[in-house]
Amino acid sequence: MLPIPANELNGSGTLGPYWNFYHAVVAEQLRQWLPGGPSLLVDLSGGRGRWPAQAARAGHRVIEVMDFRRPFEPWLRDASDLTQKVRADNLAFLPDASVDAVIAEERMLSVDLMAESVIEDMARVLKPGGRALLCVDSLVLGMAILAEQNYWAHLCQTGEVMLIPWPDGSITRCFTSAQVRELVTGAGLEVEWIRPRTVLSPSMVDRVLGSGGRSLAWLVRTELATQPDDDDTVGIHLVASARKPLRAAARTQGHTT
């Protein structure tokens, strides 16, 4: 059975309390993950997320890439003092080792089926020591969608790449934690951690918030206090943090001298 009904996955259904909780978890994860001092960030969420505004409020400069990987129609304009919007199909407009952090939220690496190419581009523009935060659809979600559509034969297949047809005709790429790790390390980045975005179920969240005895903030703290690293058995999304090795600086310096 699907962990969350398909019509609820975009937040348009009846699970309002759960999605309020989900977005509160995302915001707190980002707050804890963002660099401590003012930095230059690239956001690849295509304008669908809240991350650029949150990062800008924290004092970071943000390049928000719109319609990433679509036909190249470049444009640049200031959206605020700290945020710039760019339309591009890749990160070729950025030089090597030029940004402090990259955020690939809103399942961007699942929607773009050539995730390897995207993360290699992310690794290229990161400074040594720079970090990446990414979110993908999980194997749990993919298998549940297949089961909901009665694609039972597909559930027995164990191919390296799991492409899932959605009822609306779109395709998403789902990952295990091992595949996320391979994706990250294959681009030359080091994995800091991988975990389900949320472990607490919608029914539990609804029950706790409905009881009136606990607050949303308490529930978010409880979620983030769990340590389900590399757990593939729960959660519709996996989230990972990666870092570009500092030793890349020595290799770059040696190449340029």
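For the record, in the sequence shown the residue sitting at position 104 is 104 according to UniProt numbering, with numbers rising by one throughout. From the three backbone atoms N, C-alpha and C, an ideal C-beta is built for every residue, glycine too. From a predicted model like this one, the values you see are computed outputs, not experimental measurements.
Query, Result
"Use the C-beta contact count for Trp166: other C-beta atoms within 10 angstroms, 16 or more gives buried, fewer gives exposed.", "exposed"
"By how many angstroms is the C-alpha of Ala27 removed from the C-alpha of Gln54?", "8 Å"
"When the Cα atoms are used, what is the spatial distance from Lys85 to Phe93?", "13 Å"
"I'd like to know whether the C-beta atoms of Ala242 and Val191 end up nearer to each other than 7 Å.", "yes"
"Among Thr226, Pro128 and Leu113, which has the Cα closest to the Cα of Thr172?", "Leu113"
"So, at 6 Å on beta carbons, what are the nonlocal neighbours of Val125 in its own chain, with the 5 sequence-adjacent residues on each side left out?", "Leu91, Leu94, Ser98 and Val99"
"Report buried or exposed for Ser117, applying the criterion of at least 16 other Cβ atoms within 10 angstroms of its Cβ.", "exposed"
"Does the separation of the CB atoms of Leu109 and Val136 fall below 7 Å?", "yes"
"Between Ser45 and Glu105, is the Cβ-Cβ spacing less than 7 Å?", "yes"
"Checking the sheet assignment: what are the DSSP bridge partners for Asp137?", "Cys174 and His237"
"Run through DSSP, which three-state label would Leu200 get?", "coil"
"For Pro35, which of Ala58, Val239 and Val25 has the nearest alpha-carbon?", "Ala58"
"By how many angstroms is the C-alpha of Ala144 removed from the C-alpha of Lys127?", "38 Å"
"Compare the Cα-Cα distances from His23 to each of Val184, Glu223 and Thr233 and report the closest residue.", "Glu223"
"Please tell me whether Gly235 and Pro202 are closer than 7 Å, where the distance is taken between their beta carbons.", "no"
"Using the three-state DSSP reduction, which class does Pro128 fall into: helix, strand or coil?", "strand"
"CA-CA distance, Ala217 and Trp51?", "19 Å"
"Skipping 5 residues on each side, what residues in its chain have a beta carbon closer than 7 Å to that of Leu246?", "Pro128 and Gly129"
"Within its chain, find whatever has a CB closer than 8 Å to the CB of Asp230; leave out the 5 residues flanking it on each side and keep chain order.", "Ser177, Ala178, Arg181, Ile194 and Arg195"
"For Val111, which residues of its own chain have a beta-carbon under 7 Å away from its beta-carbon, when the five flanking residues on both sides are left out?", "Thr172"
"What does the alpha-carbon distance come out to for the pair Met204 and Trp19?", "13 Å"
"Using only the alpha-carbon positions, how far apart do Gly210 and Leu141 sit?", "26 Å"
"Alpha carbon to alpha carbon, what distance is there between Arg131 and Gln29?", "14 Å"
"Buried or exposed, going by whether 16 or more other CB atoms sit within 10 Å of the CB of Leu238?", "buried"
"Tell me which residue opens and which closes the beta strand (DSSP E) that Pro17 is part of.", "It is not in any beta strand (DSSP E) - Pro17 instead sits in the alpha helix (DSSP H) that spans Gly16 to Trp33."
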